[in-house]
Structure formats: structure tokens, C-alpha cells
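Engineer: Just so you know, the working numbering puts 120 at position 114 of the sequence shown, and the rest follows in order with no gaps. Just so it is clear, CB atoms sit at the ideal spot from N, CA and C, and this is done for glycine as well. Predicted model only: the values in this text are computed from it and were never measured.
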Amino acid sequence: MQNIDFTGKNYIVTGGAGSIGRAIVEIILDCGGSVCAIDVDEKTLREMETELNTPRYTYRALDLSSTTVIRENFADIIAGYGQLHGLVNCVGLASTMLFEDITEAEWNKIIQVNLTGVFAAIQSVYTHMKEHGYGRIVNVSSVAGKIGGGLIGRGAYATSKAGLNGLTKVVAKEGGAYNVCCNCVCPGWTDSRMINHLMDDANYKRLQGMTSMRRPAAAKEMAWPVVFYLSDLASYVNGTVSSVDGGLVYDG
Ligand SMILES: NC(=O)c1ccc[n+]([C@@H]2O[C@H](COP(=O)([O-])OP(=O)(O)OC[C@H]3O[C@@H](n4cnc5c(N)ncnc54)[C@H](O)[C@@H]3O)[C@@H](O)[C@H]2O)c1
């Protein structure tokens with residue numbers, strides 16, 4: 007029986023202080039890996055340091071809307087590790103505006119964090135991974151990117167996630183020859199800070215109606231599929247954009 011073993015391997019998780027990101031960080035540590043969590047939420051990153059209590063956890067409090075910040079810090083993290091084995095792009099910003107109400111400021115803010123920042127993050131690790139002949143990149147997208155929004159996130163959010171699904175395939179197609187694999191998990195309704203502060207009774211019932219399992223995923227239920235793609239159990243999986251949604255999109 008083969009288990010996931012990240013011993014001696016190094017990972018970056020963006021959005022690492024978020025509900026799903028933190029669950030991913032915890033599983034990587036449980037599986038023996040080292041992980042640098044990056045998030046704008048410094049307070050939570052610091053609390054995690056105390057709670058996780060291992061030198062294999064490090065963090066950087068960064069605003070990932072700046073590609074300059076991303077490129078500089080990623081280069082520094084990679085230099086510190088010597089080799090980076092995997093990157094999880096879990097950072098995400100929700101937007102609920104209906105299409106005709108989306109301002110250019112809102113559009114640019116969401117696309118910058120959810121898509122352009124992820125592009126810069128992947129580019130910051132890609133050549134390094136290519137040179138080492140090993141890299142695992144997992145993007146955390148959303149079912150919104152497949153169905154034009156509709157859970158809570160709308161217009162700009164759904165578009166940014168659709169772009170992320172496309173970016174996943176681009177990186178997979180070019181990286182595969184170098185054993186740099188890129189896959190994407192599209193969560194459905196997940197118990198998280200992002201969705202819970204936008205939730206009310208009406209929305210809860212609506213999401214129950216959309217989701218055949220009639221309940222939100224726990225953050226760990228979303229983190230495990232991400233970690234699977236990060237691991238060598240998925241060594242031949244590349245370019246997959248998979249829904250993890252309790253039965254919602256049904257796109258195979
Ligand atoms: N919760 C859901 O139902 C759901 C559904 C579909 C997709 N997702 C996706 O899952 C991912 C994780 O979200 P979550 O549900 O854990 O929510 P979350 O809000 O708990 O996590 C998102 C994290 O991103 C961080 N972040 C936002 N903007 C940032 C910036 N500019 N710089 C650095 N960090 C920033 C936040 O501080 C937060 O910790 C996101 O990409 C989200 O779009 C979530």
C-alpha cells in the first residue's frame with residue numbers, strides 16, 4: 007500500500023491562511039513535507055505557526071495582487087529551499103456583482119488576484135521546476151469558472167476562474183515534457199471564511215438545492231483532492247480540471 011510521503015519535499019501554498027489553504031498546509035505537514043504559506047492575513051499565518059509548531063512550516067505575509075512582490079518573494083523562497091517541488095495556488099477573492107454592475111475597478115481587482123497573480127506565481131516556479139525535471143502545480147479554481155458563476159461568486163470571479171482553468175491546460179501542455187504537471191481543482195460549495203460571510207438562510211437553501219449531497223464540503227474534503235494531485239499518486243495526471251462539488255456540474 008503506497009501512501010503520500012512528502013518527506014524532504016518543499017511546497018508553497020498561496021492563500022495558506024484561508025479555510026481550504028490551511029487544510030492543504032496541514033495535510034502537507036502531516037505527510038512529512040515542508041511548506042511556506044503565503045497570505046495577506048498575517049494574524050492567521052502567525053497563529054498557525056504557534057498551533058502547527060514545526061520548523062517545516064514557514065510563512066510570508068504578502069499581498070499577492072502585486073506581481074513584483076510575487077516574483078521577488080518566490081525567488082527568495084526557492085533559493086532558501088534549494089528545490090521547490092510543488093506550488094498550490096489557493097488564493098482567491100470573491101466578487102458577487104451582477105454583470106451589468108461590474109465596475110472596471112472591481113473587474114481589475116479580481117482578475118489581478120485570481121488570475122494575473124497566479125500567472126506570475128506559476129511563472130516564478132516554472133523554469134526552476136523544468137530545470138529539476140520535477141514540479142507539481144495545483145490551481146484551486148471554482149465550479150463558477152465552468153458554469154458562469156452561480157454559487158455565490160458571479161461575473162468577474164467566474165471569469166477569473168475560467169481563465170485559471172485555461173492557464174492550467176497551457177502550463178500542463180508545455181510543462182509535461184519536463185515532468186512539470188499542472189492540474190486544477192474546481193471546488194463547489196465549501197464551508198469556508200469566503201462563502202460563510204456571504205451566507206444567509208436563502209442562500210443556504212439555494213446551494214443545498216444545487217448540490218446533490220445537500221451539504222457544503224468541509225475544507226479538508228477539498229484539500230485532499232488538491233494534495234492528491236500534488237503527490238506522486240497522481241504522477242501521470244496532467245492538465246485535469248476537475249470538479250469537486252458533491253454533485254453539481256456533472257461534466258465528467
Ligand atoms: N469556499 C467555497 O465555497 C469555494 C468555492 C469555489 C472555489 N473556492 C476557491 O477556493 C480557494 C480558497 O478559498 P476559501 O474558500 O478557503 O476562502 P478563504 O477566504 O478562507 O481563503 C482565501 C484566502 O486568500 C487570501 N487572499 C485574498 N486576497 C489576497 C491577496 N491579495 N494577497 C494574499 N492573500 C489573499 C485571503 O486572505 C484568504 O486567506 C479560493 O481560490 C476560492 O476562490 C472556494
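Hey, is residue 41 close to ligand 1, as in C-beta under 8 Å from one of its heavy atoms?
Structural biologist: Answer for residue 41: no, Cβ out of range of ligand 1.
Engineer: Is the beta carbon of residue 120 closer than 9 Å to that of residue 166?
Structural biologist: Against a cut-off of 9 Å, the Cβ pair of residue 120 and residue 166 comes out as a contact.
Engineer: Leaving aside the five residues before and after residue 42 along the sequence, list all residues of the same chain whose C-beta is less than 6 Å from its C-beta, in chain order.
Structural biologist: These residues qualify, in order along the chain: 18, 64, 83.
Engineer: Helix, strand or coil, according to DSSP, for residue 30 in the structure here?
Structural biologist: Residue 30 falls in the helix class under three-state DSSP.
Engineer: Does residue 79 pass the burial test, meaning 16 or more other C-beta atoms within 10 Å, or should it be called exposed?
Structural biologist: Under this definition residue 79 is a buried residue.
Engineer: Alpha carbon to alpha carbon, how far is residue 117 from residue 230?
Structural biologist: Taking the straight line joining both Cα atoms gives about 26 Å.
Engineer: Using beta-carbon positions only, say whether residue 92 and residue 16 come within less than 9 Å of one another.
Structural biologist: Yes; because the gap between Cβ atoms is below 9 Å, this pair is in contact.
Engineer: Would the beta-carbon of residue 131 fall within 9 Å of that of residue 44?
Structural biologist: No. Outside cutoff.
Engineer: Could you give the residue range of the alpha helix (DSSP H) that holds residue 248?
Structural biologist: Taken as a continuous stretch (DSSP letters only), residue 248 belongs to no alpha helix (DSSP H), being part of the beta strand (DSSP E) at 247-250.
Engineer: Ligand 1 and residue 238: does the residue's C-beta get closer than 8 Å to at least one heavy atom of that ligand?
Structural biologist: Answer for residue 238: no, Cβ out of range of ligand 1.
Engineer: Sort out for me which residues DSSP pairs residue 131 with in a bridge.
Structural biologist: DSSP, once it has assigned bridges, lists no residue as partnering residue 131.
Engineer: Taking its Cβ as the centre, do 16 or more other Cβ atoms sit within 10 Å of residue 236, making it buried, or is it exposed?
Structural biologist: The residue is buried, with at least 16 neighbouring Cβ atoms inside 10 Å.
Engineer: Is residue 249 closer than 9 Å to residue 243 when the C-beta atoms are compared?
Structural biologist: No, Cβ-Cβ distance for residue 243 and residue 249 is not below 9 Å.
Engineer: What is the residue span of the beta strand (DSSP E) that residue 66 lies within?
Structural biologist: It spans 63-67 - the beta strand (DSSP E) in which residue 66 sits, taken as one unbroken run.
Engineer: Determine, using beta carbons only, whether residue 90 and residue 161 come nearer to each other than 9 Å.
Structural biologist: For residue 90 and residue 161, no; Cβs fall outside 9 Å.
Engineer: Identify which residue in 10, 14, 12, 57 has its Cα closest to the Cα of residue 28.
Structural biologist: Out of 10, 14, 12, 57, 57 has the C-alpha closest to the C-alpha of residue 28.
Engineer: First and last residue of the alpha helix (DSSP H) that includes residue 82?
Structural biologist: Looking at the DSSP string, the run of the alpha helix (DSSP H) that includes residue 82 is 73-87.
Engineer: Report whether the distance from the Cβ of residue 246 to the nearest heavy atom of ligand 1 is below 8 Å.
Structural biologist: False, no ligand heavy atom lies under 8 Å from that Cβ.
Engineer: Taking the alpha helix (DSSP H) that residue 151 belongs to, which residues open and close that run?
Structural biologist: Taken as a continuous stretch (DSSP letters only), the alpha helix (DSSP H) holding residue 151 covers 150-153.
Engineer: Identify the continuous beta strand (DSSP E) that holds residue 223 and give its terminal residues.
Structural biologist: That residue, residue 223, is in no beta strand (DSSP E); it is neither H nor E in DSSP.
Engineer: Provide the residue(s) that pair with residue 43 in DSSP beta bridges, ordered along the chain.
Structural biologist: For residue 43, which the question treats as bridged, DSSP gives the partners 19, 65.
Engineer: Let's see if you can read the secondary structure: which residues bound the beta strand (DSSP E) around residue 58?
Structural biologist: That residue, residue 58, is in no beta strand (DSSP E); its alpha helix (DSSP H) goes 48-58.
Engineer: Check whether the Cβ atoms of residue 174 and residue 147 sit closer than 9 Å, and answer yes or no.
Structural biologist: Yes, Cβ-Cβ distance for residue 174 and residue 147 is below 9 Å.
Engineer: One question on the structure: do residue 157 and residue 194 come within less than 9 Å of each other, judged by their Cβ atoms?
Structural biologist: Yes, these two residues count as a Cβ contact at 9 Å.
Engineer: Terminal residues of the continuous beta strand (DSSP E) containing residue 94?
Structural biologist: Start and end: 92-95.
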